[in-house]
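Asker: In UniProt numbering, the protein residues as written are 1 to 242.
After the structure tokens below, expect a handful of questions from me.
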């Protein structure tokens, strides 16, 4: 008890109250169980996990804003999402789709020499996204970029939306966006050393971004020694779809 009196600040208050009540016979100590001293590092039982999860989500939501995070769209040519109602369908179908951050990036690279030096994911460092006009604009505040005093930069982060490998061509397009600087359109993105590739996968192959068939052949050879017939079929299926 001397320890409790001298170290009250180290005890979790809600736990100490119950312990104190039991000591002054405000409750039946036999029903409570063995008395223990709870250190300040005690985080509670699993039943409190939901509360902790909600707290963590709140902290993440707050801290995500510093540094600022700009989510970047990724889609195939004319693959933008279009939102319409029954009344607006005809009007929207007759108009070109609105800019996305990806098509706006292409347009930016057509007119801005500095943008031609950037990867898609790095654009938010130097440009802000105008949600109303659907365009990127140079930042007016921040620190001057070395060698380009007219260009302002911040610690903003660009995050390109993920794409599942099953959506193959869009998956490879996303891969190219992390490798090719300053593309001006979708065709430019799959043009490697002057050659226009038929697919984004082919462009990735020409850049050496994909593993060759030897990887799968070795995997199958190893699998025949230890894997079941079903597991081998799964490996072969995956190799044919990559």
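For each residue, glycine too, the CB sits at the ideal point set by N, CA and C.
Using the three-state DSSP reduction, which class does residue 153 fall into: helix, strand or coil?
Answerer: strand
Asker: If you draw a straight line from the C-alpha of residue 120 to the C-alpha of residue 177, how long is it?
Answerer: 6 Å
Asker: If we count Cβ pairs, one from each stretch, closer than 8 Å, do we get three or more for the region 138 to 147 versus the region 96 to 105?
Answerer: no
Asker: At the level of alpha carbons, what is the spacing between residue 190 and residue 115?
Answerer: 18 Å
Asker: Quick one: residues in its chain with C-beta nearer than 6 Å to the C-beta of residue 172, no 5 flanking neighbours on either side, listed in chain order?
Answerer: The beta carbon of residue 172 sits closer than 6 Å to the beta carbons of 200, 201, 204 from its chain, once the five residues preceding and following it are set aside; these are given in chain order.
Asker: To which residues of the same chain is residue 154 closer than 6 Å at the C-beta, ignoring the five residues directly before and after it?
Answerer: 142
Asker: So residue 136 is in the beta strand (DSSP E); what residue range does that whole segment cover?
Answerer: First-last of the beta strand (DSSP E) with residue 136: 135 to 138.
Asker: Rounded to whole angstroms, how far is the Cβ of residue 124 from the Cβ of residue 79, which I believe are closer than 8 Å?
Answerer: With 8 Å as the limit, residue 124 and residue 79 do not qualify as a contact, their Cβ atoms being about 22 Å apart.
Asker: Starting from residue 110, follow the alpha helix (DSSP H) in both directions and report where the run begins and ends.
Answerer: 101 to 111
Asker: Starting from the C-beta of residue 73, find all residues in its chain whose C-beta is less than 6 Å away, skip the five residues before and the five after it, and write them out in chain order.
Answerer: 100, 101, 102
Asker: Are the CB atoms of residue 135 and residue 108 within a distance shorter than 9 Å?
Answerer: yes
Asker: Mind checking whether residue 180 and residue 187 have CB atoms under 9 Å apart?
Answerer: no
Asker: Considering residue 144, what are the terminal residues of the beta strand (DSSP E) in which it resides?
Answerer: 143 to 145
Asker: What is the residue span of the alpha helix (DSSP H) that residue 172 lies within?
Answerer: Following the DSSP letters along the chain, one finds residue 172 inside the alpha helix (DSSP H) bounded by residues 168 to 177.
Asker: Skipping 5 residues on each side, what residues in its chain have a beta carbon closer than 8 Å to that of residue 169?
Answerer: 76, 199, 200, 201
Asker: Using CA coordinates, which residue listed in 129, 110, 147 is at the minimum distance from residue 185?
Answerer: 110
Asker: Under 8 Å by Cβ, that's how I've got residue 126 and residue 145 pegged, so tell me the actual separation to the nearest angstrom.
Answerer: That belief holds up - the Cβ atoms of residue 126 and residue 145 are roughly 7 Å apart, short of 8 Å.
Asker: Determine the burial state of residue 147: buried for a count of at least 16 other Cβ atoms within 10 Å of its Cβ, exposed for fewer.
Answerer: Residue 147 is exposed by the Cβ-count criterion.
Asker: Do you know offhand how far residue 14's Cα is from residue 132's?
Answerer: Because the pLDDT at residue 14 is just 48, under 50, the model does not fix this residue reliably, and the value given afterwards should be weighed accordingly. Approximately 50 Å between the Cα atoms of the pair.
Asker: Alpha carbon to alpha carbon, how far is residue 62 from residue 233?
Answerer: At residue 62 the pLDDT is 48, less than 50, meaning the model places this residue with poor confidence; the figure from the coordinates comes in the next sentence. So the alpha carbons of these two residues sit roughly 46 Å apart.
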